[in-house]
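Going by this note's numbering, the letters in the sequence shown line up with residues 5 to 177, in that order.
Virtual Cβ for every residue (Gly too), placed ideally from N, Cα, C.
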Amino acid sequence: HMVKSNLSFSLIEIIVVIAIIAVVTSMGFANFHRQQSDQQLKAETRKMADMISLARKKASVSDTSPCVAGLITNDKIKKYEFLIKPSTKTYEVFPECATNATPERITYTIQSNDILIITPAVESSIFFYPRLMTETTTMTVNIKNNVTNRCCQIDINAAGVIKEIPCAECPAL
5 HMVKSNLSFS LIEIIVVIAI IAVVTSMGFA NFHRQQSDQQ LKAETRKMAD
55 MISLARKKAS VSDTSPCVAG LITNDKIKKY EFLIKPSTKT YEVFPECATN
105 ATPERITYTI QSNDILIITP AVESSIFFYP RLMTETTTMT VNIKNNVTNR
155 CCQIDINAAG VIKEIPCAEC PAL
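Structure follows, in structure tokens:
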């Protein structure tokens, strides 16, 4: 007497396996997209922190090269400015020259439509002076990824110290 073995899969078993694979794959894609968006946010935050640091360094060494125009070779700088323009997603570094020369500005614009500057909400500046003194003001910059609702923060204190705060969920406004 011979026993027949059934080595085939039922339609239900195949559908269940395909559904499980689809769920796992979609979770992987969602996680990958979130990770990619987080990396983009961190990169933009790092670029901005680097530009703030550049303004601080140029002021500390009294870099006058952007002030030298035409025959004026002994120009001095009064200060370096970091200017942030949230509405256009741009920020700039430039000196204020003693001779009122118009120096070139180092400008950067955030290219991603997903990344926004949420604070400061209006055009704002912080100044760095040749002896590493800032104004008595401080600045906090919050950069947001609209897709993931995550924010990164940069704090500049009155001594000119720049601190990046790790990215996290954006606070409710």
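Integer Cβ distance of residue i from residue j, believed to fall under 8 Å
i: residue 153; j: residue 171; result: With a Cβ gap of about 11 Å, residue 153 and residue 171 do not count as contacting.
i: residue 108; j: residue 82; result: With 8 Å as the limit, residue 108 and residue 82 do not qualify as a contact, their Cβ atoms being about 16 Å apart.
i: residue 55; j: residue 86; result: 7 Å
i: residue 149; j: residue 45; result: 4 Å
i: residue 162; j: residue 141; result: 7 Å
i: residue 147; j: residue 48; result: 6 Å
Environment of residue i [buried if 16+ CB atoms lie within 10 Å]
i: residue 21; result: exposed
i: residue 62; result: buried
i: residue 41; result: buried
i: residue 52; result: buried
i: residue 80; result: exposed
i: residue 25; result: exposed
i: residue 119; result: buried
i: residue 60; result: buried
i: residue 32; result: exposed
i: residue 132; result: buried
i: residue 121; result: buried
Given residue i as reference, the closest of the options once Cα atoms are compared
i: residue 102; options: 89, 110 and 68; result: 68
i: residue 144; options: 168, 34, 133 and 135; result: 168
i: residue 95; options: 149, 29 and 111; result: 111
i: residue 71; options: 104, 123 and 157; result: 104
i: residue 91; options: 57, 128, 58 and 66; result: 128
i: residue 155; options: 66, 123 and 19; result: 123
i: residue 50; options: 27, 30 and 157; result: 157
Simplified DSSP assignment, three categories, for residue i
i: residue 86; result: strand
i: residue 102; result: coil
i: residue 93; result: coil
i: residue 109; result: coil
i: residue 62; result: helix
i: residue 75; result: Because residue 75 carries a pLDDT of 48, less than 50, the predicted location of this residue cannot be relied on, and the following value inherits that uncertainty. Residue 75: coil per DSSP, three-state reduction.
i: residue 25; result: helix
i: residue 161; result: coil
Residue i Cβ short of 6 Å to the ligand MN heavy atom set
i: residue 130; result: With respect to the ligand MN, the structure offers nothing, as it holds no ligand at all.
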